[in-house]
DNA sequence: GGCTCATGCCAACTATTATTGGCATGAGCA
DNA sequence: TGCTCATGCCAATAATAGTTGGCATGAGCC
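Protein chains in written order, with this note's numbering: chain A, 892 to 1004; chain B, 892 to 1004.
As structure tokens, then:
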């Protein structure tokens, strides 16, 4: 996971920059779990947890797959994806060169100064 | 910079997770600069740049100091702080243990399920 | 004095993200 | 059938973050 684009880098960083998601990830690092179970473990609502799980999944930090329990219930198990990201000023400098101009853009400043 | 608390980790991640701040940091990695100059280089307003610089400074990613130019003008120079942060699931798991319960909290879920 | 350039800061607005509650579905089980 | 448990999703609100423009200050310079 050494060479991600600036956009991907930001996605990953933004995803990790949240207490909830960090806790979710930590919980899953300790072993997989299905949604409702995880919500109970962490003491947060399912709706909230799902939003965070989706963001984590989108960033590629967790993966999900359905599984049938012994009694036939469909459970959605999530598990953490291993990753390794070494951040340094140089890594940042390189990533910036591949940034799409979203959230920025204006090649012509509005006239300050 | 291997052992930061969960709160600090989140602060750093959140600070880096922005195209503007990433660009600012990259620009400063290439050499120090004072505010107005940097704003022109990046093509953004000073007001905007200052906000981002403050956030970067708060997170310890850049430092600032006043300096007098040859003609006596007070210039505020910023420079990038070297850092190295190796992110892995385990690092996250450890960081989580030192998270203050802000933005989370509710030991008792509201009653979902 | 009047012009330029640098800094700092605020009030106001817009855009995003976070969070809650509720509702609907599908499948075992007594 | 009625109850439980799991999933998914949406509409509405709350809370943050991002941006802009303007205004004030201080210091050289013509």
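Even for Gly, the Cβ is constructed at its ideal location relative to N, Cα and C.
Use the C-beta contact count for residue i: other C-beta atoms within 10 angstroms, 16 or more gives buried, fewer gives exposed.
| i | result |
| --- | --- |
| residue 1001 of chain A | Reliability of the predicted coordinates at residue 1001 of chain A is poor, the pLDDT of 33 falling under 50, and the value obtained from them is presented with this limitation in mind. Exposed, by the Cβ-count rule. |
| residue 906 of chain B | buried |
| residue 909 of chain A | buried |
| residue 989 of chain A | exposed |
| residue 980 of chain A | buried |
| residue 897 of chain A | buried |
Let me make sure I understand the geometry here. Which of the options has the alpha-carbon closest to that of residue i?
| i | options | result |
| --- | --- | --- |
| residue 916 of chain B | B:976, B:944, B:928 | B:944 |
| residue 899 of chain A | A:933, A:924, A:958, A:951 | A:951 |
| residue 973 of chain B | B:923, B:933, B:982 | B:923 |
| residue 930 of chain B | B:985, B:902, B:941 | B:941 |
| residue 934 of chain B | B:918, B:901, B:976 | B:918 |
| residue 954 of chain B | B:969, B:962, B:961 | B:969 |
| residue 939 of chain B | B:962, B:984, B:914 | B:914 |
| residue 971 of chain B | A:983, A:904, A:920, A:992 | A:983 |
Using a Cβ-Cβ cutoff of less than 6 Å, which residues in the same chain neighbour residue i once the five nearest sequence positions on both sides are dropped?
| i | result |
| --- | --- |
| residue 895 of chain B | none |
| residue 986 of chain A | 897, 900 |
| residue 946 of chain A | 906 |
| residue 902 of chain A | 950 |
| residue 911 of chain A | 943 |
Which residue or residues does DSSP assign as beta-bridge partners of residue i?
| i | result |
| --- | --- |
| residue 906 of chain B | BP columns for residue 906 of chain B are empty, so no partner. |
| residue 950 of chain B | Per DSSP, none; premise fails for residue 950 of chain B. |
| residue 967 of chain A | A:957 |
| residue 978 of chain B | A:976 |
How would you write the range of the alpha helix (DSSP H) that residue i sits in, first residue to last?
| i | result |
| --- | --- |
| residue 1047 of chain B | Residue 1047 of chain B lies beyond the range of chain B shown here (892 to 1004); nothing can be said about it. |
Within the same chain, show all residues whose beta-carbon is closer than 7 Å to that of residue i, passing over the 5 residues directly before and after it, in chain order.
| i | result |
| --- | --- |
| residue 937 of chain A | 926, 927, 930 |
Start and end of the beta strand (DSSP E) containing residue i?
| i | result |
| --- | --- |
| residue 990 of chain A | That residue, residue 990 of chain A, is in no beta strand (DSSP E); it is neither H nor E in DSSP. |
So, for residue i: in the same chain, excluding its five sequence neighbours on each side, which residues have a beta-carbon less than 8 Å away from its beta-carbon?
| i | result |
| --- | --- |
| residue 965 of chain B | 957, 958, 959 |
| residue 948 of chain B | 954, 955, 969 |
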